[in-house]
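Chemist: Here the working numbering is used: the first residue of the sequence shown is -10, the next is one more, and so on.
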Amino acid sequence: MAGLELLVLMLTGFGSIVILSSHFTGEKFRTKASTAILILVLLALTILFLRARNPAGLIGLTSALIGVASAVASTKLVKERDKKPFHDALLLILVASSFLVAQSNDMVRLFIYWETMSISITVLTAFHWEKESIEASLKYIMMCGAGSLIALAGIALALIETGNVSMQLSGASLLAKALMVVGFGVEAAVFPLHFWLPDAHMAAPSTVSAVLSGISIETAAYVISRIAFTDPALRYVLMVSALFGMFVGNLSAYMQDDIKRLLAYSSVANVSYIILGLNSASSMARTYSMLHIFAHGMLKAALFILAGLFLAVWGTRSLKELSGKLSGTFFLKFMVVAASMGLTGIPPFLTFWSEAFTLMGISVTGSFGLAAAVLLATAILLSFGYYFKLFYGLVVGSGEEKPKLDADAWCAVAAAGILLLSCIIFGLYPGGMIRYFNL
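1. What runs of the alpha helix (DSSP H), each 4 residues or longer, lie entirely inside the segment 278 to 362?
2. Just the C-alpha distance for PHE13 and LYS68, rounded to the nearest angstrom, thanks.
3. Give the DSSP-derived three-state secondary structure of ASP247 in the structure shown.
4. Kindly indicate which residue of ALA167, VAL237, LYS128, MET156 has the alpha-carbon position closest to the one of MET191.
5. Just to confirm the assignment, what range does the alpha helix (DSSP H) spanning ALA217 have?
6. Tell me which residues share the same chain as ALA274 and place their Cβ nearer than 7 Å to its Cβ, disregarding the 5 neighbours each side in the sequence.
7. Would you mind reading off the limits of the alpha helix (DSSP H) that contains PHE426?
8. Can you tell me whether DSSP reads ASP220 as helix, strand or coil?
9. Go through its chain and collect everything with a Cβ distance to SER198's Cβ below 7 Å, but skip five positions before and after it.
10. Could you tell me the alpha carbon to alpha carbon distance between GLY160 and ALA296, rounded to whole angstroms?
11. For ALA91 versus ILE8, is the C-beta spacing smaller than 8 Å?
12. Would you please state the rounded distance, in angstroms, between the beta carbons of ASP95 and SER137? I believe it to be under 8 Å.
13. So, does the segment 252 to 266 touch the segment 162 to 171, judging by three or more C-beta pairs under 8 Å?
14. At which residue ranges does the segment 72 to 156 contain complete alpha helix (DSSP H) runs of 4 or more residues, listed in the order of the chain?
15. Under 8 Å between the Cβ atoms of PHE75 and LEU141?
16. Below 8 Å on the Cβ atoms is my contact criterion, and I expect ILE407 with ALA147 to pass it. Report the Cβ-Cβ distance as a whole number of Å.
17. Shortest alpha-carbon distance to GLU344 belongs to which of TYR277, THR111, THR367?
18. Does the count of Cβ pairs from the segment 324 to 331 and the segment 355 to 368 closer than 8 Å reach three?
19. Is it buried or exposed, ILE263, if we count other Cβ atoms within 10 angstroms and call 16 or more buried?
20. Measure the alpha-carbon distance for PHE320 versus ALA62 and round it to whole angstroms.
21. Tell me where the alpha helix (DSSP H) around PHE184 begins and ends.
22. From PRO337 to VAL179, what distance separates their C-alpha atoms?
23. Who are the Cβ neighbours of VAL171 in its own chain at under 6 Å, not counting the five residues just before and after it?
24. Using alpha carbons as the reference points, say which of ALA135, ALA405, MET330, ASP395 lies closest to ILE371.
25. Pick out whichever of GLY286, ASP247, LEU428 has its Cα sitting closest to the Cα of GLU310.
26. Out of SER195, PHE88, LEU182, GLY143, which one is the CA nearest neighbour of ALA115?
27. From GLU176 to SER5, what does the alpha carbon distance come to, in whole angstroms?
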């Protein structure tokens, strides 16, 4: 086990124990103590993640930044104060396991970290312990549990065939690799295995949704692309699946009234963009698809945090019921418009570079690549419609009174703002991130 991996495990384990111990402090200090410890541990993990100057390091940085923002926002968005330490400990484990999954170079450790990530998502999805959340959690268990068994069968077959557990999979059969891609593909919400994701988002706390769509499904997309890239047939199958997925995700988003469900289907489309680029023969497309993991994660997590804030302030996530509610507050209007437009890929956001260069890279890889690039451009243009629907419905109205936001609510706004700003800052100089993480 590499030294960095061991340090991450030790810090995560120690941090989780300390966070859980805050449950026994007074009720008045429990939430603040748990949140403060979580933020400190995540900042320490960020330093460790930055030592991994590879794609896993970028995934680690993304998960840590989203984790910190979710921790700050959780003071407002997590209502169950008595269970707050459990939420924070599981969130920490989820962030750390996302990095460890991407960093793993052998299949056994990858599977262990994968199951850790899946268990964390399962428990956090059911966190509210209501009928909707329990049903969504059970659906996730059935889907991802079956996926894990299929992936485990693929790992076992590859081990028998190759005699080792290396992720290079030299000598492994197409069947073994296909089983792993299908099994892990459930977690990535790859088409047609994506239908659990909207229900999970509807039921989970918005802080969990931020991490789930911001990094967990992208981590899974990175893993299946690593496996598929060892076999040309699997690469093309994943690319075709991604082409279907980006249209299914975008078209489904048009039909949603609930903000979180709309964002969930948007995530299906964006993870399809990432899978398409990561499996392309173009190194440019693969590089900028990795950047899209960061860019999409920042903006999507910001919108999920804001959706949770709308629920906390106005008691609904329905676009119809929220119509015009933001017309009285500049900051919320600006952030919703900026994050929505950022996800369509306009400058100065990092998404502009990640989508544009992924598209250009794919287009020069032959006739299939050119056709895929045209479809990708069409899908991106298609997304403008529902993002316009999202922010126009919220910010245009008959002059609602300015909502009264308490200190915790402003913390959630600030958390979303940090994520938004990160996407703009790195969008000004994407080359630095590419060189640092050797993408």
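No residue lacks a Cβ here, since even glycine has one placed at the ideal position from N, Cα and C.
Modeler: Taking the geometry as given:
1. DSSP runs (the alpha helix (DSSP H)) wholly in the segment 278 to 362: 319 to 333, 339 to 352.
2. 18 Å
3. strand
4. LYS128
5. 206 to 217
6. GLY266, THR347, GLY350, ILE351
7. Segment: none, PHE426 is in no alpha helix (DSSP H) and carries neither H nor E.
8. coil
9. HIS190, LYS249, PHE293
10. 47 Å
11. no
12. Not quite, the Cβ-Cβ distance comes to about 17 Å (not below 8 Å), so this is no contact.
13. Contact check between the segment 252 to 266 and the segment 162 to 171: fewer than three CB pairs, one atom from each, fall below 8 Å, which does not count as touching.
14. As far as the segment 72 to 156 is concerned, its whole alpha helix (DSSP H) runs of at least 4 residues are 73 to 92, 96 to 114, 120 to 151.
15. No; because the gap between Cβ atoms is not below 8 Å, this pair is not in contact.
16. Their Cβ separation, rounded to whole angstroms, is 41 Å, which puts ILE407 and ALA147 out of contact at 8 Å.
17. TYR277
18. no
19. buried
20. 16 Å
21. It is not in any alpha helix (DSSP H) - PHE184 carries neither H nor E in the DSSP assignment.
22. 29 Å
23. ILE139
24. For the record, residue 371 in the displayed sequence is Leu; it is not Ile. Of the listed residues, the one whose Cα sits closest to LEU371 is MET330.
25. Of the listed residues, the one whose Cα sits closest to GLU310 is ASP247.
26. Checked all of SER195, PHE88, LEU182, GLY143; the closest Cα to ALA115 is SER195.
27. If I take the Cα positions, the gap works out to 24 Å.
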